[in-house]
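Undergrad:
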Amino acid sequence: MPIMPENNIKEIIFLVEEDDEGGYIAKAINQSIFTQADSLPELRELIKDAVHCHYPDEKDKLHPVYPLILDILIQTK
Numbered sequence: 020m021p022i023m024p025e026n027n028i029k030e031i032i033f034l035v036e037e038d039d040e041g042g043y044i045a046k047a048i049n050q051s052i053f054t055q056a057d058s059l060p061e062l063r064e065l066i067k068d069a070v071h072c073h074y075p076d077e078k079d080k081l082h083p084v085y086p087l088i089l090d091i092l093i094q095t096k
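Using the working numbering, the first residue of the sequence shown is number 20, and each one after it goes up by one.
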C-alpha cells in the first residue's frame, strides 16, 4: 500500500502492540503516526487524536472503520 497523499486518505491501519515498559503502542502502517497509552480504551482515543492532528483538514471525514478490533483485543487478554 503506497503512502497516501494528504488529500486522498482512504485507509490508515495501525499495528497495536504491548509495550515492553507497560501499556500499548500503536504505529500507523505507511504513515508517520505513532501514539501510546496505558490501556487499550485510552489508546483508541489517542489514535483518533493522533490521526486528527496529522490530518486536521480531514477531521470531519475520518472515522474508525473497525472500532471493534480493539474491543476483541481487550476481551481476549
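The beta carbon of each residue, even a glycine, is placed where N, CA and C say it ideally should be.
For L34, count the other beta carbons within 10 Å of its own beta carbon; 16 or more makes it buried, fewer makes it exposed. Which is it?
TA: By one-based count along the sequence shown, residue 34 stands at place 15. So L34 counts as exposed.
Undergrad: Apply the 10 Å Cβ neighbour rule to I31 and answer buried if 16 or more other Cβ atoms are within range, or exposed otherwise.
TA: Counted from its first residue, the sequence shown places residue 31 at position 12. Buried, since its Cβ has 16 or more Cβ neighbours within 10 Å.
Undergrad: Just how far apart, CA to CA, sit D76 and V70?
TA: What you label residue 76 is simply residue 57 of the sequence shown in a count that begins at 1. What you label residue 70 is simply residue 51 of the sequence shown in a count that begins at 1. Cα to Cα, D76 sits roughly 11 Å from V70.
Undergrad: Under three-state DSSP, which class holds K67?
TA: Reading the sequence shown from its first residue, position 48 is the one you call residue 67. Looking at K67 - three-state DSSP - the assignment turns out to be helix.
Undergrad: Taking the continuous beta strand (DSSP E) assigned at I44, which residues delimit it?
TA: Within the sequence shown, residue 44 is the residue found at index 25, counting from 1. Taken as a continuous stretch (DSSP letters only), the beta strand (DSSP E) holding I44 covers Y43 to A47.
Undergrad: Mapping DSSP to helix, strand and coil, what is E77?
TA: The count along the sequence shown starts at 1 and reaches residue 77 at position 58. It is helical.
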